[in-house]
Amino acid sequence: MKTDHAPSSVCALTVSAPRAGLSGHVNVPGDKSISHRSLMFSALARGTTHIVGLLEGEDVLRTADAMRALGADITRSETSGVWIVVGHGLDGLREPADVLDMGNSGTAARLLSGILASHGFTSVMTGDASLRGRPMKRVMDPLAATGATFLARQGGRLPLAIAGNANPPPLSYRLPVASAQVKSAVLLAGLNAVGETRVEEPVATRDHTENMLRHFGASVQVAPLDAGGCVITLQGRPDLVARDIVVPGDPSSAAFVLVAALLVPGSQVSVRGVGLNPLRTGLFISLREMGANLVISNERVEGGEPVGDITATVGALHGVDVSATRAPSMIDEYPILAVAAAHATGQSRFRGLEELRVKESDRLAATVALLEVNGVRVEVVGDDMIVHGTGGAIPGGGLVRTHMDHRLAMSAIIMGLAAQKPVSVDDTAFIDTSFPGFTTLMNSIGAGLGA
Ligand code: S3P
1 MKTDHAPSSV CALTVSAPRA GLSGHVNVPG DKSISHRSLM FSALARGTTH
51 IVGLLEGEDV LRTADAMRAL GADITRSETS GVWIVVGHGL DGLREPADVL
101 DMGNSGTAAR LLSGILASHG FTSVMTGDAS LRGRPMKRVM DPLAATGATF
151 LARQGGRLPL AIAGNANPPP LSYRLPVASA QVKSAVLLAG LNAVGETRVE
201 EPVATRDHTE NMLRHFGASV QVAPLDAGGC VITLQGRPDL VARDIVVPGD
251 PSSAAFVLVA ALLVPGSQVS VRGVGLNPLR TGLFISLREM GANLVISNER
301 VEGGEPVGDI TATVGALHGV DVSATRAPSM IDEYPILAVA AAHATGQSRF
351 RGLEELRVKE SDRLAATVAL LEVNGVRVEV VGDDMIVHGT GGAIPGGGLV
401 RTHMDHRLAM SAIIMGLAAQ KPVSVDDTAF IDTSFPGFTT LMNSIGAGLG
451 A
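FYI, the numbering for the sequence shown is 1 to 451, going by UniProt numbering.
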């Protein structure tokens, strides 16, 4: 089932340093993690949910299509841009008539697996070449205890058929990897189970599932574990009731704009309304440790999530040592942090990056290649990345291969804005999965992309 919002054609770009600094005040699109969840959970609730600020990127549009195929009524108001979801309750989903195509989105595929495993019908999921290469065993393993049957390609890859069980037992699972997607899949399977579902995580990961399920009326408790990390418990069969949602700006998207402002001479840029959930802000902490001039103002709570405006002003950066325990709070930000580290003075070490190998691309290898091809020395020691900063404008001049990975493409573009020689990017089409309007937004602050 191919829909009309897949990146259709390759879109190469060569990026040069702009003549003047970047400046302006911008808003970035809605948070991707929260947007997926808002469509899925409102489809499981009874009644009508209005979603303000939904990310209209291709990944999230896939989730909207999937939830429609499963029986939710999802529309978008053309006048206000508000999304309206009419859910029919936990028992309200029906068997989809066709294969569910999750495009490039691991979050959509993993979270939906938890929902599908605990409903009494059969469904099949697929995705693009990148997603079909990513591991699904990490959700199939814990979800097998629901009594659902899974049939995947070798190595636990999509396409994946799931024959769900409408009366699953509650699961108890300790995460072997720090993954909010796996945690969420288990919790979502627990919605349809009688009794208490329990997930232990050795290191806390983003808690948008927990927050939003509570918002819809579920009982979700989080308690610290003596050995570190925490345990999350969910009472099954909650009465989920529709409630409106405001989606904050995505900190993972703001990251690209803010790092550009930190690196391009003469720049100062503010991004308004950025989500500041403490389990997402590791990049901003790390950049500040590098000496970055990042000022957070107007802090407030919107739709249950902390939000603020962030202003970045260009300035000298120095190397940083980022611990493995911080990785979950900035797991999507390492490519752009590596670009900042390449520009900094001295050596940076990012520890415990094993999860980067299974993102939209092997992001560890792709980030190393991004730096090396642009004249920056970088090493991988075990699961750590060591970047030898050039102490100023990056040499540049390379052709970056993005491997269907939106964050690689945006990192390469920001690198080009701060490099001595133009940087070429093989394909920018996948940027639309998470940051539609990226080029236009960057040009509104003076980037001159495609000029
Ligand atoms: C996400 C969790 C992270 C992150 C992804 C979004 C989520 O993945 O990389 O972009 O919304 O739960 P993992 O759970 O694989 O770490």
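Ideal Cβ positions, reconstructed from N, Cα and C, are used throughout, including at glycine.
Just so we're clear, the structure is a prediction, and the values are computed from it rather than from any experiment.
Excluding sequence positions up to five before and after Val400, its CB lies within less than 6 Å of the CB of Leu370, Ala412 and Val425, all in the same chain and listed in chain order. Placement of the Cβ of Ile331 at a distance of less than 6 Å from at least one heavy atom of the ligand S3P is found. Gln181 is classed as buried because its beta carbon has at least 16 other beta carbons within 10 Å across all chains shown. Contact check for Ala148 against Asn165 passes: the beta carbons are separated by less than 7 Å.
The closest CA to that of Gly392, considering only Gln420, Leu54, Gly24 and Asp59, is found on Gln420. Between Leu116 and Ile74, the beta carbon gap of about 17 Å keeps them out of contact (Cβ cut-off 8 Å). Collapsing the DSSP output to three states places Gly87 in a strand. Around the beta-carbon of Asp128, 16 or more other beta-carbon atoms lie within 10 Å, marking it buried. In the DSSP assignment, Pro251 falls within the unbroken alpha helix (DSSP H) covering Pro251 to Leu263. Cα atoms of Ser444 and Ala429: separation of roughly 19 Å, rounded to the nearest angstrom.
The residues Ser38, Ile51 and Gly303, in chain order, have a CB closer than 6 Å to that of Ile245 in the same chain once the five nearest residues on each side in sequence are set aside. By the Cβ-count criterion, Arg138 is buried, with 16 or more other Cβ atoms from all chains shown falling within 10 Å of its own Cβ.
Restricting attention to alpha helix (DSSP H) runs no shorter than 4 residues, the segment 41-97 encloses them at 58-69, ordered along the chain. Scanning the segment 265-315 from its first residue to its last, the whole alpha helix (DSSP H) runs of 4-plus residues come out as 282-289. By the CB criterion at 7 Å, Leu234 and Ala255 fall outside the cutoff. Following the DSSP letters along the chain, one finds Gln181 inside the alpha helix (DSSP H) bounded by residues Ala180 to Gly190. Met125: member of the beta strand (DSSP E) spanning Thr122 to Thr126, first to last residue. Beta-bridge partners assigned by DSSP to Val425: Leu13 and Val400. Between the alpha carbons of Glu305 and Thr209 lies a gap of roughly 12 Å.
Around Met404, the same chain offers Asn104, Asp128, Ala129, Ser130, Glu360, Ser361 and Phe430 as residues with beta carbons nearer than 7 Å, after the five sequence neighbours per side are excluded. Judged by DSSP secondary structure, Ile162 falls within the beta strand (DSSP E) whose first and last residues are Arg157 to Ala163. Boundaries of the beta strand (DSSP E) harbouring Gly24: Ser23 to Asn27, taken from the DSSP string. Rounded to whole angstroms, the gap between the alpha carbons of Gln221 and Arg62 is 30 Å. In summary, Leu225 is exposed, with fewer than 16 beta-carbon neighbours lying within 10 Å of its beta-carbon over all protein chains present. If you draw a straight line from the Cα of Val186 to the Cα of Leu44, it comes to about 16 Å. For a cut-off of 8 Å, the C-beta gap from Arg237 to Leu90 is around 7 Å, short enough to register as a contact. When secondary structure is reduced to three states using DSSP, Met140 falls in the helix class. By the beta-carbon neighbour count (other beta carbons within 10 angstroms, threshold 16), Asp31 is buried. In this structure, DSSP gives Arg363 a helical state, which the three-state scheme calls helix. If you look at Phe438, you'll find it in the alpha helix (DSSP H) that goes Phe438 to Ser444.
Relative to the non-hydrogen atoms of the ligand S3P, the Cβ of Ala109 never comes closer than 6 Å to any of them. Measuring C-alpha to C-alpha distances from Gly229 to each of Pro395, Asp207 and Leu258 identifies Asp207 as the nearest.
Excluding five sequence positions before and after Leu54, the CB atoms of its chain that fall closer than 7 Å to its own CB belong to Gly30, Ser35, Ser38, Val60, Trp83 and Val247, given in chain order.
Taken through DSSP and simplified to helix, strand or coil, Ser33 comes out as helix. Here DSSP, grouped into helix, strand and coil, assigns Ile431 to helix.
Judged by beta-carbon spacing, Leu22 lies beyond the 7 Å limit of Gly437, meaning their Cβ atoms are not closer than that value.
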